[in-house]
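Numbering (the numbering used here), first residue to last: 2 to 462. One structure is given here, and the rest of the page talks about it.
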Amino acid sequence: MTSIRRWLLSWLIAGLGGAALTAGFGIFRTAQEEASELFDYELRTVALSMPENAGADITSVHRVPDFQGLKDDRLLIEIWDQTGRSIYRSLDEVSLARFPQGIRTIERDELHWRVFGVQDGDRFVQAAQPVSIRDSLALRLALHTLWPLALLFPTIIVIALFVVCRGLGPLRTISEALQTRSFDSLEPLHLDGRAPIEVQPLVLALNGLLSRLKAASELQRTFVADAAHELRTPLAALKLQFQAAQRDGSLTGSNKALERIQGRLNRTIHLVHQLLELARADSTSFPGLKTVDVLCLCERVVGEFSLLAELKQIDLGLERPEAADTGDSYQAYAEPKGLEVLLNNLIDNAIRYTPRGGKIDVILERRHGEICVAVADTGPGIPDTERERVFERFHRGAGTKEQGSGLGLSIALRIAQRHGAILTAENNACGRGLRVALCGLKASTMNACPPQACIRSKMRN
């Protein structure tokens, strides 16, 4: 996948680097040419500044030529009198022929020389210098002019990195805003006034897409809620008519067939009820969190299911393993109706799948400033292969014989997400039964209801 940041940085650094190299080469060549002109001027100055008595005595300065250093003997100076006799030579080991006046480059013994000659009165003065030494000195001078450019190139890279990162900042802001959103948040994006105008078309397109998705989601939820609401009344009336017909004897048929019809009718009524709860859980309008007495709520829900548990001879009870006193009400920030629906679904599922004579524990405890509620049963549990799909809508495990809609855990998960909590389902450590736990409810120190408002019974149902 192509990265805009990498693409911009690559082209900017490559382009600026190429421009810097071109500029450096131009500066280098200019510095070399300037240095060459300076050395030519040096030859001319040396030749014209030779004293008149330089050749008074015919003496040769016996020096070993050093054409690699920066000493005075890098120059070869020779003077001829008017008869053409050499009267002075600065280096005895090197001899050059006399050339006409002017400056030129000559080759002697595979060594190039830069030679300048001038007629000074009745004598002829010639100064020469190896080209290799001139090039070496010119290179050093040129390199001295390039060091600011060498410092400029890393600075250009840093500036390019800063500019590109700042330029792509709005895109990163949009990405972070979308990543931190919950999956059901379809509100439009809002950027501050510093966002560049180039980003606005992208934001407008995203907001348009979010608006269309929100409208489609609302339409789906409205349809499900309306359909469930419209079906609930005629199904309830049908059940009442069925029961009345059974009582007055107008409904004939085998008891087994009538029980099957009634079971299917109850299952349809339960499905409609779950669809209505699902539509409410998916609703974008959230009543908001307030302080709830979780212990009072758990006791009320357990009490409502106690009769159903007794019919299946199931031991249903509420436990507080870490309770310090009976006055601890386990208050948390939650939405009361949603939390009640969640507990209803968890306990209803546990009763459905727990065999006769089984046991169901509703466990309430605190963990690091948070309140957790768990429902543990002694049912068949969930196979490891289906544990990932247990919260999917309308999913029912293979071989399940209990009647249900496959929406209970899905609704519970949706409510947990709206509370910012975590819902997990794991088999019990003993190897039999399922434990579904809601963790992450923020504890509150406010009193939701006085302790006497709830009946805190230590007895199990």
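Note that CB positions come from ideal geometry on N, CA and C, so glycine has one too.
- Closest by C-alpha distance to residue 355, out of 317, 387, 341, is 317.
- Secondary structure note for residue 174: its alpha helix (DSSP H) is the uninterrupted segment 170-180.
- In this chain, the alpha helix (DSSP H) harbouring residue 11 covers 5-49.
- Within the DSSP bridge table, the entry for residue 148 names no partner.
- One alpha carbon belongs to residue 5, the other to residue 412, and they sit about 42 angstroms apart.
- Under the DSSP assignment, residue 306 falls in the alpha helix (DSSP H) whose first and last residues are 295-312.
- Each of 343, 386, 383, 381 was checked against the Cα of residue 422, and the nearest Cα belongs to 343.
- Between residue 358 and residue 314, the gap from beta carbon to beta carbon is short of 7 angstroms.
- DSSP places residue 351 inside the alpha helix (DSSP H), whose first and last residues are 337-354.
- Pairing residue 290 with residue 334 gives a Cβ-Cβ distance under 7 angstroms.
- For residue 377, the number of other beta carbons within 10 angstroms of its own is at least 16, and it is reported as buried.
- In terms of Cβ geometry, residue 76 and residue 130 form a close pair [threshold 7 angstroms].
- Annotation for residue 106: the continuous beta strand (DSSP E) segment containing it runs 103-109.
- Contact between residue 161 and residue 13 holds, since their C-beta atoms are separated by about 4 angstroms, short of 8 angstroms.
- By the Cβ criterion, the stretch 131-151 is in contact with the stretch 113-122, since at least three pairs of Cβ atoms, one from each stretch, lie closer than 8 angstroms.
- Within 10 angstroms of the beta-carbon of residue 212 lie fewer than 16 other beta-carbons, which makes it exposed.
- Rounded to whole angstroms, residue 176 and residue 22 show a C-alpha spacing of 38 angstroms.
- Note on geometry: alpha-carbon atoms of residue 89 and residue 102 lie some 18 angstroms from one another.
- The DSSP-derived three-state label of residue 98 is coil.
- Taking all protein chains shown into account, residue 186 has fewer than 16 neighbouring C-beta atoms within 10 Å of its C-beta and is therefore exposed.
- In the three-state reduction of the DSSP assignment, residue 429 falls in the coil class, being assigned neither a helical nor a strand state.
- Residue 368 sits in a strand when the DSSP states are folded into three classes.
- Within its own chain, the residues whose Cβ lies closer than 8 angstroms to the Cβ of residue 135, once the five positions on either side in sequence are excluded, are 36, 37, 40, 115, listed in chain order.
- Closest in C-alpha terms to residue 26, from the list 121, 144, 46, comes 144.
- Shown here, residue 320 sits in a strand according to DSSP, grouped into three states.
- Here the alpha carbon of residue 106 sits roughly 11 angstroms from the alpha carbon of residue 100.
- Under the DSSP definition of a beta bridge, residue 424 partners with 439.
- One thing to note: residue 79 has its Cβ no nearer than 7 angstroms to the Cβ of residue 120.
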